[in-house]
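Undergrad: These protein sequences, in sequence, are chains D and Y. Going by numbering that gives the first Met the number 0, the letters in the first sequence line up with residues 0 to 379, in that order. Going by numbering that gives the first Met the number 0, the letters in the second sequence line up with residues 0 to 379, in that order. The structure under discussion is supplied below as structure tokens; questions concerning it will follow.
There are 2 protein chains.
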Amino acid sequence: MADTPRILPDEVQRLTLQAPLPLDCGTELPDVQIAYETWGELNADKSNVILVCHALTGDQFAASPNPVTGRPPWWPRLIGPGLPLDTDRFHIIATNVLGGCMGTTGPASNAPDGKPYATRFPVITVADMVRAQRAVIAALGIEALFAVVGGSLGGMQALEWAAQAPEQVFAAVPIATTARHSAQNIAFYEVGRQAIMADPDWCDGDYIAQSRQPQRGLAIARMAAHITYLSEEGLKQKFDRGLQDRDTASFSFDADFQVESYLRHQGRSFVERFDANSYLYITRAVDYFDLAGAHGGRLADAFKDSPTRFCVITFDSDWHYPPADGREIARALTAAGAEASYIEVETDKGHDAFFLEEPRFEAALAGFLNAAAEQRGLGA
Amino acid sequence: MADTPRILPDEVQRLTLQAPLPLDCGTELPDVQIAYETWGELNADKSNVILVCHALTGDQFAASPNPVTGRPPWWPRLIGPGLPLDTDRFHIIATNVLGGCMGTTGPASNAPDGKPYATRFPVITVADMVRAQRAVIAALGIEALFAVVGGSLGGMQALEWAAQAPEQVFAAVPIATTARHSAQNIAFYEVGRQAIMADPDWCDGDYIAQSRQPQRGLAIARMAAHITYLSEEGLKQKFDRGLQDRDTASFSFDADFQVESYLRHQGRSFVERFDANSYLYITRAVDYFDLAGAHGGRLADAFKDSPTRFCVITFDSDWHYPPADGREIARALTAAGAEASYIEVETDKGHDAFFLEEPRFEAALAGFLNAAAEQRGLGA
């Protein structure tokens with residue numbers, strides 16, 4: 000990432016919301032731009048739309064390469080002709096979340112005074128992110144989604160969509176997610192935020208105006224979070240105590256162990272593509288996510304008499320959002336009278352399994368979407 | 000902590016090793032001072048010595064208040080008259096580990112040139128720590144220990160003692176520990192080290208000479224590690240998503256949640272009592288700990304025909320060193336022909352349970368030590 004605000008190429012498609020966006024914190028955000036990508040044809044009655052919601056540090060480039068970072072698409076195994084999110088059949092939309100840094104309005108964007116928002120950006124919530132997406136869908140002339148699908152923070156958005164606009168969501172697939180971010184997860188994100196804010200180059204949030212960037216703090220935040228995305232078993236199988244480019248310990252603070260070298264690389268490459276203030280705001284939104292809390296303390300009340308059909312998917316080695324969180328969602332949905340299935344996929348890949356090759360997960364997702372498409376009258 | 004090397008009061012008892020200490024890295028360390036405390040009377044044949052080994056950031060003040068920090072003793076529930084480590088019966092010794100910062104020679108100590116070692120201090124291992132303790136015991140005229148007891152890094156020292164000097168250890172109690180630090184744990188410590196080294200006040204390790212201290216980095220390191228010392232269930236019960244001093248979310252980056260406030264406090268208070276370079280060196284020693292690796296890849300070979308009796312204790316909610324690690328130790332001991340019992344204590348207190356009120360743990364420890372004392376001919 001450059002030290003000045005990123006210049007986004009023309010390939011980054013955006014629309015500007017016509018009305019100010021009302022936020023949970025009580026203010027409104029004017030001139031919100033939302034960056035988005037689409038794949039597959041929209042059908043005549045606009046009934047074949049799947050909204051794909053990205054995770055914490057993801058972006059809208061789910062099925063095509065990111066022209067800014069050059070990174071490959073993050074769901075190439077799931078989105079495409081003949082794949083579970085079949086572009087021969089569905090019209091796929093992915094937006095960059097509110098507060099993000101890939102073209103959507105966030106803390107790195109300029110405020111009405113022409114200077115970057117930085118910490119003047121309002122603290123946002125997952126509900127705000129979904130409100131922004133609903134405005135995009137409306138602006139595109141689409142009345143309802145066939146499905147909303149996402150993992151992690153994307154799964155929170157899927158749940159929030161179904162709670163906020165049940166009549167607009169035919170099917171929802173929350174993957175590797177939770178209805179309430181736990182104390183342990185708040186703790187991990189707090190370590191990351193403190194690492195960013197402790198970096199002198201954060202400049203009280205004003206680093207863009209000062210042509211600086213808290214690279215060290217952001218890298219440490221990423222390293223701490225990244226550990227929670229992998230399972231202990233996965234780490235053991237991938238690295239165990241293997242040494243990096245040497246046969247014996249160096250008796251130094253170099254990256255002796257492969258796992259150290261891997262983590263340092265994760266940190267370094269992250270700062271090239273992500274904005275530190277976006278990281279603060281998006282992790283904060285996740286901390287605040289508590290769907291039960293927002294509905295009088297009872298999760299089922301968020302989905303009362305929901306017309307949406309749900310497929311809740313978890314991974315057994317995920318300790319970031321463990322299966323117990325998914326089961327709690329499924330139980331609440333059933334208690335609310337909603338149609339819900341729950342699938343726990345056996346894997347050693349941990350939380351990040353939904354990004355990786357996991358045939359049982361892919362088969363479950365395809366099976367659910369195919370059945371829902373038939374119910375919706377979307378021919379194969 | 001002051002910005003200059005800590006002035007230790009006379010109450011900190013020390014002895015200087017007469018010979019240079021040979022280290023695993025291949026060098027020798029001259030003029031090593033070891034700080035230690037004792038409680039209870041040494042009996043006539045010096046057969047009633049229990050060595051208590053402290054954890055990562057602990058010190059020798061296990062059973063009396065620390066005169067430097069003013070903190071209370073860390074094992075007041077276990078050491079004292081009539082307690083499991085009964086000072087009416089046993090002579091208890093606790094040393095500050097090599098590389099530590101409570102009077103023992105470490106990176107904050109002056110090198111022979113009169114300037115602080117800082118990063119010129121050699122990288123040490125758990126085996127080096129035990130070598131230093133063996134020299135102390137010898138200097139005190141003690142030929143063998145009745146028992147060596149410790150949790151976490153203290154438990155590694157107990158295992159290393161039994162492996163290094165089996166004839167000198169009648170009984171060993173490794174608690175909440177492992178025979179090999181896992182990839183996940185290396186990863187967590189690496190995050191902490193990177194946070195310290197990223198702090199400009201670390202000054203490439205030379206902060207004492209420059210009258211600075213990497214407080215922010217050290218606090219973040221402590222916060223990241225501290226999460227691993229608690230169980231998710233414990234965090235949930237203690238904090239859940241409770242808010243700190245407010246009824247509703249502040250929509251800010253203040254410590255809204257109690258768990259954030261608690262973690263920040265842990266970080267802040269840690270920097271007042273601990274040296275950042277000591278943290279680097281001691282975590283590195285723990286990373287390097289792999290008792291099987293040091294014995295040809297087979298853990299049992301570390302304890303072949305050991306005359307020591309072992310009591311391996313784990314806590315079921317400990318995910319830093321999970322019960323599986325303790326069971327692996329117990330299995331290896333049995334395979335080696337050693338006398339070993341294994342106790343898994345049910346608790347929601349996580350790794351830190353051995354510092355806390357845990358009656359079943361205390362009873363198990365007392366029972367084992369009493370039985371061993373009878374075998375050793377130490378009257379009740």
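Glycine included, each C-beta is placed from N, C-alpha and C at the ideal position.
(1) Please classify LYS348 (chain D) as buried or exposed, where buried requires at least 16 neighbouring CB atoms within 10 angstroms.
(2) Ignoring anything shorter than 4 residues, give me the alpha helix (DSSP H) runs that lie fully in the segment 195–243 of chain D, in order along the chain.
(3) At 7 Å on the CB atoms, spell out the chain D contacts of ILE185 (chain Y), in chain order.
(4) Identify the contact partners of PRO199 (chain D) in chain Y, using a Cβ-Cβ distance below 7 Å as the criterion.
(5) For a contact defined as C-beta to C-beta under 8 Å, what are the partners of ALA248 (chain Y) on chain D?
(6) Which partner residues of TRP38 (chain Y) appear in the DSSP bridge assignment?
(7) Which residues, taken in chain order from the segment 137–170 of chain Y, show a beta carbon closer than 7 Å to some beta carbon of chain D?
(8) Which same chain residues, not among the five before or five after PHE288 (chain Y), have their C-beta less than 6 Å away from its C-beta?
(9) On the criterion of 16 or more Cβ atoms from any shown chain inside 10 Å, does GLU345 (chain D) qualify as buried, or is it exposed?
(10) Return the first residue and the last residue of the beta strand (DSSP E) that PRO80 (chain D) is part of.
(11) State buried or exposed for ASP127 (chain D), treating a residue as buried only when at least 16 other CB atoms are found within 10 Å of its CB.
(12) What residue range is occupied by the uninterrupted alpha helix (DSSP H) comprising LEU262 (chain D)?
(13) May I ask you to report which of helix, strand or coil DSSP gives THR103 (chain D)?
(14) Please classify SER251 (chain D): is it buried, with 16 or more other beta-carbons within 10 angstroms of its beta-carbon, or exposed?
(15) Let me check understanding here. Comparing Cα to Cα, which of Y:ARG221, Y:ASP286, Y:LEU290, Y:THR15 lies closest to GLN132 (chain Y)?
(16) By Cβ distance, which residues of its chain are closer than 7 Å to ALA334 (chain Y), with the 5 residues on each side in sequence left out?
(17) Pop quiz: THR397 (chain Y) and VAL51 (chain Y) are said to be a contact at Cβ under 8 Å. What is the actual Cβ separation, rounded to whole angstroms?
(18) Any residues in the segment 274–298 of chain Y with a beta carbon nearer than 8 Å to a beta carbon of chain D? Which ones, in chain order?
(19) Closer than 8 Å by beta-carbon distance: list the chain Y residues that pair up with ILE226 (chain D), in chain order.
(20) Going by DSSP, name the residue or residues bridged to PRO321 (chain D).
(21) For PRO306 (chain Y), count neighbouring C-beta atoms within 10 Å of its own C-beta (all shown protein chains included) and say buried if the count is 16 or more, exposed if not.
(22) Which bits of chain D does VAL122 (chain Y) rub up against, with CB to CB less than 9 Å?
(23) Does the structure place the segment 281–296 of chain D close enough to the segment 238–245 of chain D that three or more beta carbon pairs sit under 8 Å?
(24) Could you pull the start and end residues of the beta strand (DSSP E) that PRO173 (chain D) belongs to?
(25) With 8 Å set as the bound, which would you pick, yes or no: does the beta-carbon of GLU27 (chain D) sit closer than that to a beta-carbon of chain Y?
(26) Is there a Cβ from chain Y that is less than 8 Å from the Cβ of ALA194 (chain D)?
(27) Residue ranges of each alpha helix (DSSP H) run of no fewer than 4 residues wholly in the segment 103–160 of chain Y, ordered along the chain?
(28) Considering only residues of the same chain and omitting the five flanking positions on each side of ARG76 (chain D), which have a CB-CB separation below 8 Å?
(29) What is the residue span of the alpha helix (DSSP H) that VAL285 (chain Y) lies within?
(30) Chain Y beta carbons: is any one of them nearer than 8 Å to that of ALA371 (chain D)?
(31) For the beta strand (DSSP E) holding PHE60 (chain Y), just list the boundary residues, first then last.
(32) Should GLN183 (chain Y) be labelled buried (16 or more other beta-carbon atoms within 10 Å of its own) or exposed?
(33) Of all Cβ atoms in chain D, is any one closer than 8 Å to the Cβ of PHE238 (chain Y)?
(34) Please work out which residues of its chain come closer than 7 Å, Cβ to Cβ, to ALA54 (chain Y), disregarding the five sequence neighbours upstream and downstream, and give them in chain order.
(35) Count the other C-beta atoms from every protein chain shown that fall within 10 angstroms of the C-beta of GLN193 (chain Y), then say buried if there are 16 or more, exposed otherwise.
(36) Measuring only between beta-carbons, confirm whether ARG359 (chain D) sits less than 8 Å from chain Y.
TA: Reading from the atomic positions:
(1) LYS348 (chain D) comes out buried.
(2) Counting only unbroken stretches of 4 or more residues, the alpha helix (DSSP H) elements lying wholly within the segment 195–243 of chain D are 214–228, 231–237, in sequence order.
(3) Within 7 Å Cβ-Cβ: PHE256, VAL258, GLU259.
(4) Simply PRO199.
(5) Chain D residues near ALA248 (chain Y): TYR287.
(6) Paired residues: Y:ILE91.
(7) Answer in chain order: no residues at all.
(8) Sequence-distant Cβ neighbours of PHE288 (chain Y) in its own chain, meaning closer than 6 Å and more than five residues away, are VAL125, MET155, HIS180.
(9) Answer is exposed; the Cβ neighbour count stays below 16.
(10) Looking at the DSSP string, PRO80 (chain D) is not in any beta strand (DSSP E), and its letter there is neither H nor E.
(11) Classification of ASP127 (chain D): buried, given that the 10 Å Cβ count is 16 or more.
(12) Element bounds for LEU262 (chain D): 257–270.
(13) DSSP places THR103 (chain D) in coil when its eight states are reduced to three.
(14) Taking every protein chain shown into account, the CB of SER251 (chain D) has fewer than 16 other CB atoms within 10 angstroms, so this residue is exposed.
(15) Considering only alpha carbons, the answer is Y:THR15.
(16) Same-chain partners within the cutoff: ALA299.
(17) The question about residue 397 (chain Y) has no answer, for chain Y in this structure spans 0 to 379.
(18) Taking 8 Å as the Cβ-Cβ cut-off against chain D, the residues of the segment 274–298 of chain Y that qualify are LEU279, ARG283, ASP286, TYR287, ASP289, GLY292.
(19) GLN183, ALA186, PHE187, VAL190, listed in chain order.
(20) PRO321 (chain D) is not bridged to any residue.
(21) By the neighbour-count rule (16 or more Cβ atoms within 10 Å), PRO306 (chain Y) is not buried but exposed.
(22) ALA248, SER249, PHE250, SER251, PHE252, listed in chain order.
(23) Not touching, per the Cβ criterion.
(24) From DSSP, the beta strand (DSSP E) with PRO173 (chain D) extends over 168–174.
(25) Chain Y has no Cβ within less than 8 Å of the Cβ of GLU27 (chain D).
(26) With 8 Å as the cut-off, ALA194 (chain D) counts as an interface residue toward chain Y.
(27) Here the runs fully enclosed are 125–138.
(28) Shown here for ARG76 (chain D): same chain residues with a beta carbon closer than 8 Å to its own, the five before and five after excluded, namely LEU82, GLU356, GLU361 in chain order.
(29) Residue range 275–287 is occupied by the alpha helix (DSSP H) that includes VAL285 (chain Y).
(30) The beta carbon of ALA371 (chain D) does not come within 8 Å of any beta carbon belonging to chain Y, so the residue lies off that interface.
(31) Per DSSP, PHE60 (chain Y) is not a residue of any beta strand (DSSP E), being assigned neither H nor E.
(32) Its Cβ being crowded by 16 or more others within 10 Å, GLN183 (chain Y) is buried.
(33) Yes - at least one Cβ of chain D is within 8 Å of the one on PHE238 (chain Y).
(34) These residues qualify, in order along the chain: GLY150, SER151, LEU152, GLY153.
(35) That one is buried.
(36) Cβ-Cβ to chain Y under 8 Å: no for ARG359 (chain D).
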